[in-house]
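Accompanying notes for the structure given below.
Chains as they are written, first to last, in our numbering: chain A, 28 to 332; chain B, 168 to 520.
Rendered as structure tokens:
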């Protein structure tokens with residue numbers, strides 16, 4: 028209640044920095060109303076921080092590579108090796124931290140390529156609804172959406188050479204259609220809005236209409252979906268690396284560590300359990316944070332019209 | 168009454184044209200998918216004929232095979248030859264098993280179908296049960312527990328769950344078998360449908376039936392847990408939303424017994440949103456089966472496809488994906504029909520929301 032009164036009365040008088048401050052405050056309020064979102068944010072910050080500072084944080088940075096220490100192979104979790112060591116004597120904790128790097132790198136790069144491509148195609152198809160271009164783009168989108176994404180990603184990654192880059196290519200190829208469909212739906216309705224019509228009447232260029240009139244109105248669902256998708260990309264990446272179609276040893280990857288561990292069950296159970304937990308916690312963190320961002324983006328009771 | 172009948176007839180006419188449209192559309196999607204697969208299979212570096220014959224085969228043999236496989240023709244012509252084979256069920260030979268890919272699929276598909284059906288059964292039964300419970304005891308510990316499970320279920324990929332099951336029930340507490348479809352000493356029943364559970368029931372061999380069920384439980388659960396709790400949440404929110412509707416208050420005022428209200432007037436419309444996403448869930452079940460079958464040593468088409476992928480067996484890869492695409496399309500048509508049955512607005516051709 029307080030917030031509403033303040034913003035309604037204070038709008039004209041507020042300086043730019045004050046407006047930004049109140050915007051941040053409002054968004055944080057909406058985000059943090061659900062405590063689980065905050066938990067998610069903390070998990071994500073910890074993981075991103077660990078990945079970025081991996082060489083500093085990891086107790087044994089050199090274990091994330093070609094390192095062998097048979098004297099300490101298969102040590103159970105203890106004070107020295109928190110999550111134990113694997114069959115080569117490498118510290119699992121350090122390897123998990125380094126594996127976060129590949130997982131996040133993949134998520135960021137896949138979304139950085141797939142989202143602009145998907146959004147662009149969706150904008151064009153939606154704005155030129157009913158045209159030949161629309162038919163071609165949307166039918167191709169439908170075809171890609173008609174197969175389970177993991178399946179086709181597996182197939183693409185399998186025919187290429189197995190490495191992180193090709194895994195990313197495979198996932199990217201499967202990811203853009205979701206954004207095309209999302210933006211298409213919004214663009215088809217926005218093109219009939221008065222502000223678009225009047226921009227057309229004034230004689231605004233097509234690029235201006237697409238990117239300055241229609242796109243800004245699609246942004247919040249796009250960002251919401253991106254926030255929720257990070258977890259999914261990490262999941263698919265882990266699935267690919269689990270079957271050996273991702274980062275190749277000796278560089279650690281979460282799925283690969285789980286699958287290596289299955290060969291040493293049940294004696295070296297920590298080789299499987301801790302990477303599995305790492306995957307679960309990562310995806311959980313990103314999903315919870317994504318939910319918070321969705322709440323933040325949703326038009327709430329405190330927004331000005 | 169007669170007006171009502173006529174309206175219903177019109178509805179069914181509309182429904183049938185809807186189904187026809189849906190079928191034509193599916194055929195289009197499958198053709199498109201076949202083109203995508205063909206392109207993927209052809210961009211792979213290396214000569215398919217050379218891959219098929221191995222590195223030590225003489226050049227003239229490779230050339231002869233190239234001609235036989237129409238690899239010397241242009242891409243569209245190649246596609247034409249390939250799709251002609253696909254339509255007649257001829258995907259060519261597998262590099263791994265040296266048999267016709269179609270034979271392999273006929274052998275391995277039933278095991279996967281059995282697994283996916285079992286986990287779909289888990290999803291349907293328990294999601295409705297848990298969803299109804301959570302709605303009935305809203306804001307109690309049951310509701311919170313199911314919510315927590317939904318969050319966890321999404322975050323734990325099914326392959327991780329499968330590995331954990333393997334560790335728990337394979338080594339630490341071996342109460343149910345974890346590997347394969349049947350225990351070592353048990354003779355499989357004669358193949359009728361290929362689904363061991365059904366075949367053993369048909370031939371009246373209960374011991375085989377229970378053994379097969381025991382083997383199914385863990386892999387099916389590993390696949391089902393994620394979608395299950397998601398669906399339960401969807402059922403729950405639809406039910407709590409419908410609970411507040413006027414027509415239910417009217418039904419209560421009419422003196423209709425409680426269980427009829429819950430079972431008929433509340434549950435049925437509340438299932439629509441859950442069933443609609445069921446198609447997507449089947450997709451995730453099928454693709455996750457790829458990893459889960461490998462872990463549980465399940466002799467299904469996914470494990471076969473996985474091996475094909477790791478060995479770049481292109482004919483087998485294309486066939487497996489086409490078969491999965493076909494199943495997926497058929498499942499989605501069935502899901503649409505179930506939704507049409509549940510939702511009279513679609514069935515009777517009225518305005519849909």
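Think of the CB as a built atom: it goes at the ideal place given N, C-alpha and C, for glycine as much as any other residue. Quick caveat: nothing in here was measured; it's all calculated off a predicted structure.
Is it true that the CB of residue 135 of chain A sits closer than 8 Å to the CB of residue 14 of chain A? Because chain A spans 28 through 332 in this model, residue 14 of chain A falls outside it and cannot be assessed.
Between which two residues does the alpha helix (DSSP H) carrying residue 297 of chain B extend? 268 to 303
If contact means a Cβ-Cβ distance below 7 Å, which residues of the region 299 to 319 of chain A contact chain B? 299, 303, 306, 307, 310, 311 and 314
Check whether residue 469 of chain B and residue 279 of chain B have beta carbons under 8 Å apart: yes
Starting from residue 105 of chain A, trace the alpha helix (DSSP H) in both directions and tell me its first and last residue. Segment: none, residue 105 of chain A is in no alpha helix (DSSP H) and carries neither H nor E.
State yes or no: is the beta carbon of residue 170 of chain A nearer than 8 Å to at least one beta carbon in chain B? yes
I need the boundaries of the alpha helix (DSSP H) containing residue 251 of chain B, first residue and last residue. 242 to 254
Whole-angstrom distance between residue 436 of chain B and residue 442 of chain B, CA atom to CA atom: 10 Å
So which of B:187, B:184 and B:205 has the shortest CA-CA distance to residue 182 of chain A? B:205
Cα-Cα separation, residue 31 of chain A to residue 465 of chain B: Note that residue 31 of chain A scores a pLDDT of 45, beneath 50, so its modelled location is shaky; the value from the coordinates is reported in the next line. If I take the Cα positions, the gap works out to 59 Å.
Whole angstroms are fine: how far does the CA of residue 295 of chain B sit from the CA of residue 313 of chain B? 12 Å
DSSP three-state assignment for residue 260 of chain B, whether helix, strand or coil: strand
Cβ shell of residue 336 of chain B (< 8 Å), same chain only, five flanking positions each side left out: 342, 343, 345 and 385
At what residues does the alpha helix (DSSP H) containing residue 117 of chain A begin and finish? Here residue 117 of chain A belongs to no alpha helix (DSSP H), and DSSP marks it neither H nor E.
Length of the line joining the Cα atoms of residue 380 of chain B and residue 370 of chain B: 16 Å
Does DSSP put residue 360 of chain B in a helix, a strand or coil? coil
Just the C-alpha distance for residue 37 of chain A and residue 248 of chain A, rounded to the nearest angstrom, thanks. Because residue 37 of chain A sits at a pLDDT of 47, beneath the cut-off of 50, its placement in the model cannot be relied upon, and the following sentence gives the value as read from the coordinates. Approximately 29 Å, taken between the alpha carbons.
Own chain residues within Cβ distance below 8 Å of residue 170 of chain B, not counting five before or after: Low per-residue confidence applies at residue 170 of chain B: pLDDT is 49, beneath 50, and the placement is therefore not dependable enough to give any value.
Give me, in chain order, the residues of the same chain whose beta-carbon lies closer than 6 Å to that of residue 331 of chain A; leave out the 5 immediate sequence neighbours on both sides. Here residue 331 of chain A scores only 48 on pLDDT, less than 50, and its place in the model is too uncertain to base an answer on.
Beta carbon proximity, residue 60 of chain A to chain B, threshold 8 Å: no
So the alpha helix (DSSP H) residue 297 of chain A belongs to, where does it begin and stop? 297 to 324
How would you write the range of the alpha helix (DSSP H) that residue 501 of chain B sits in, first residue to last? 481 to 509
Rank A:99, A:104 and A:193 by C-alpha distance to the C-alpha of residue 361 of chain A and give the top, closest one. Limits of chain A in this structure are 28 at one end and 332 at the other, which puts residue 361 of chain A out of reach.
Sufficient close CB pairs (3 or more, under 8 Å) joining the region 298 to 308 of chain B to the region 398 to 405 of chain B: yes
Determine contact between the region 228 to 236 of chain A and the region 166 to 184 of chain A, defined as no fewer than three beta-carbon pairs at a distance below 8 Å. no
Using three-state DSSP, classify residue 112 of chain A as helix, strand or coil. strand
Using a Cβ-Cβ cut-off of 8 Å (strictly less than) and excluding sequence neighbours within five positions of residue 520 of chain B, which residues of its own chain qualify? Low confidence applies here, because residue 520 of chain B scores a pLDDT of 39, under 50, leaving its location unreliable; read the following figure in that light. Excluding residues within five positions, the ones whose Cβ falls inside 8 Å are 512.
Under 8 Å Cβ to Cβ from residue 353 of chain B, same chain only, skipping five residues before and after it: list those, please. 374, 375 and 378
Proximity winner among A:226, A:129, A:98 and A:194, relative to residue 241 of chain A (alpha-carbon distances): A:226
Using beta-carbon positions only, say whether residue 422 of chain B and residue 197 of chain B come within less than 8 Å of one another. no
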